[in-house]
Amino acid sequence: LPLIDPDLRFIVEDDAPSIHTGVELPGGKRIYLHGVHPRPPEPLRNEDATARDAEVVIVGREIDAEEQPTVIAGDFNDVAWSHTSELFLRVSQLLDPRKGRGFFNTFDARYPLVSWPLDHVFHSNHFKLINLELLPFVGSDHFPVSITLSYEPTAPVEQPEPEKSAGDEEEAQEKVERAAEENDEEKVMRNEGAHPQPQALAHSDPDQEPASPEDEDVRRP
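Here the sequence shown is numbered in my numbering, starting from 85 and rising by one per residue.
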């Protein structure tokens, strides 16, 4: 599938890249894909989860502000039931397709009897889940995850969006500010506040006028 203006970003740390791109589906519909891999806490480097938590809430706030068909995937280095993972879902308004289907533990693939679900795929309510499964061991310390989604924005909702409170926004902002204090403040705040809006992603020609809302080819019915 064609990628639209793929953007490689280092949101909090210089060695923790993430990719953010539009994707054109057959028929011309555009969705948005985010691939993330925030660093975990480490004894000699990041003794707490500040950088990891800030990265996911920054992306979550962007997703919520853009209100576009969205999928985010990656090794979050965090379990699905953690406070930060649940905060991310409330802030982003994305859904966890594993809900009611199991844990899908991915790490450590070398010791499957003691493993954790650290790799996640979350999506907006524009998509319906067709299939979700772990694939066999391939040599990595993580099991591969395979997911099939169908873009069906007019279909009945499969699960309600998470309920977000004012306290969630305050906590998300606190995580961003704390990461800015501990890392590169200018970079963190720039990434938190200057992400391109969907129209900019969809129009790579600088001389072309942005589409009006009526002309936008991806919108929620």
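Every residue, glycine too, gets a C-beta built ideally from N, C-alpha and C. Being a predicted model, the structure only gives us computed values, none of them experimental.
- Phe206: member of the beta strand (DSSP E) spanning Asp203 to His207, first to last residue.
- For Thr154, there is no enclosing alpha helix (DSSP H); the enclosing beta strand (DSSP E) covers residues Thr154 to Asp159.
- Tyr235 and Val175 have their C-alpha atoms spaced approximately 22 Å apart.
- The C-beta of Asp180 has 16 or more other C-beta atoms within 10 Å across all chains shown, which makes the residue buried.
- With contacts defined by Cβ atoms closer than 8 Å, His226 and Phe191 form a contacting pair.
- With a cut-off of 8 Å on Cβ pairs, the segment 138 to 152 is not in contact with the segment 213 to 224, counting fewer than three such pairs.
- Ile142 is positioned such that its CB atom lies no closer than 8 Å to that of Val222.
- Under the 10 Å beta carbon count, Glu97 is surrounded by 16 or more other beta carbons and is classified as buried.
- In the structure shown, Leu171 adopts helical secondary structure according to DSSP, grouped into three states.
- Nearest to Glu242 by C-alpha distance, out of Asp89, Pro122, Ser102 and Lys183, is Lys183.
- The residue from His204, Thr168 and Asp91 with its alpha-carbon nearest to that of Asp252 is Thr168.
- For Lys259, the enclosing alpha helix (DSSP H) has its first and last residue at Ala250 to Glu266.
- Taking C-beta separations shorter than 7 Å and ignoring five residues to either side along the sequence, the partners of Pro201 in its chain run Val163, Ala164, Phe187, Phe188, Asn189 and Thr190, following chain order.
- Here Gly158 really is in contact with Val120; their C-beta atoms are around 4 Å apart, less than 8 Å.
- Here the C-alpha atom of Leu178 lies approximately 22 Å from the C-alpha atom of Leu92.
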